[in-house]
Amino acid sequence: MNLESKWLEDFSALAATRSFSQAAERRFVTQPAFSRRIRSLEAALGLQLVNRSRTPVELTAAGQLFLVTARTVVEQLGEVLRHLHHLEGGQGEVMQVAAAHSLALGFFPRWIAQLRNEGLNIATRLVATNVGDAVHALREGGCDLMLAFYDPDAAMQMDPEIFPSLHLGQTEMLPVCAADAEGKPLFDLEGEGSVPLLAYSAGAFLGRSVNLLLRQRALRFTTIYETAMADSLKSMALEGLGIAWVPQLSVRAELARGELVVCGGPQWHVPLEIRLYRCALVRKANVRLLWRKLEGGAAQGS
1 MNLESKWLED
11 FSALAATRSF
21 SQAAERRFVT
31 QPAFSRRIRS
41 LEAALGLQLV
51 NRSRTPVELT
61 AAGQLFLVTA
71 RTVVEQLGEV
81 LRHLHHLEGG
91 QGEVMQVAAA
101 HSLALGFFPR
111 WIAQLRNEGL
121 NIATRLVATN
131 VGDAVHALRE
141 GGCDLMLAFY
151 DPDAAMQMDP
161 EIFPSLHLGQ
171 TEMLPVCAAD
181 AEGKPLFDLE
191 GEGSVPLLAY
201 SAGAFLGRSV
211 NLLLRQRALR
221 FTTIYETAMA
231 DSLKSMALEG
241 LGIAWVPQLS
251 VRAELARGEL
261 VVCGGPQWHV
271 PLEIRLYRCA
281 LVRKANVRLL
291 WRKLEGGAAQ
301 GS
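Mapping of the sequence shown onto full-length UniProt numbering: position 76 corresponds to residue 76, and the numbering continues sequentially without gaps.
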């Protein structure tokens, strides 16, 4: 197999822009020349990497997996050159982590602090995003690790041989609302009337879990607000607008200060598992080091 490194950079540019013309401009070549280089890459691999019938262009399943390798090779070449030219500055590799918003705020800082206290001084770059975008980034090599709540449905779409994961901890979603002057919940889940619900947008994993609970317990409710972000629901609950199911790690401070109160017993709680995912095709040394440490049981817990 005869591969040229510039083809890998071309392919990475195409994946980033989803446009042959924009990628060619980024790579400072004409579009016909750029297209020929992508076809040469596909011919060398014996694989179709790009679905050209779609606009913007899409990567095939093989293309998505190969993109991870292409980016890794390009990054490693750049890393070697920086070392050779003494341009690294002693910083080492930066590990990019994509995380669900609630975990980025409520879990990640404490977890990283624990790792550093245990002597694992890895430089990290955090990208807080929705779970769908995080999965997409992991699939295409846009991040090194993904921090997310375990979703059985999503897990079925990710081959565990290629995207292994580790259990990091447990938490739960709690039904919370603002308190009255006596410190009691403004709303009652066990009452006979309908309660105002601060809900997750359709399709959000946390929303699916809450909706399943509401159906099982036949709760009467009126949805007055929807969003995909748990912290936005928390803000609305703080204003006294309704009940929100929010991960416990996102409301520790508000519960401690009495600004929010739990308005339902354990039968209204939804368990959550926190997991860390990686792509087995990525060969970054700091990712392998972290994974070995976590497999040994360090820095895990809610």
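Backbone N, C-alpha and C fix where the C-beta goes; we use that ideal spot for every residue, glycine too.
query                                                                                                          : result
Among 243, 118, 62 and 101, the one whose alpha carbon lies nearest that of residue 210                        : 243
Given residue 271 as reference, the closest of 285, 248, 278 and 280 once Cα atoms are compared                : 248
Per-residue burial, residue 196 [other beta carbons within 10 Å of its own, 16 or more giving buried]          : buried
Touch test, the stretch 67-74 against the stretch 122-134, Cβ-Cβ under 8 Å, three pairs minimum                : no
Short Cβ contact (8 Å threshold) for residue 230 with residue 250                                              : yes
Inter-stretch contact (C-beta, 8 Å, three-pair minimum) for the stretch 274-281 and the stretch 137-150        : yes
Cβ separation of residue 38 and residue 29, assumed to be a contact under 8 Å, to the nearest whole Å          : Between residue 29 and residue 38 the Cβ distance is about 11 Å, and since that is not below 8 Å, they are no contact.
Proximity winner among 223, 218, 208 and 259, relative to residue 234 (alpha-carbon distances)                 : 259
Proximity to residue 96 [Cα-Cα], best of 161, 261, 285 and 167                                                 : 285
Residue 166, enclosing beta strand (DSSP E) - first and last residue                                           : 165-178
Inter-residue Cα distance where the pair is residue 125 and residue 110                                        : 15 Å
Assumed close pair residue 149, residue 263 - CB separation to whole angstroms, cut-off 8 Å                    : Rounded, the Cβ-Cβ distance is 22 Å, inconsistent with contact.
Buried versus exposed call for residue 171 [16 or more other C-beta atoms within 10 Å across all chains shown] : buried
N-terminal and C-terminal residue of the alpha helix (DSSP H) that residue 37 is part of                       : 31-45
DSSP beta-bridge partners of residue 245                                                                       : 175
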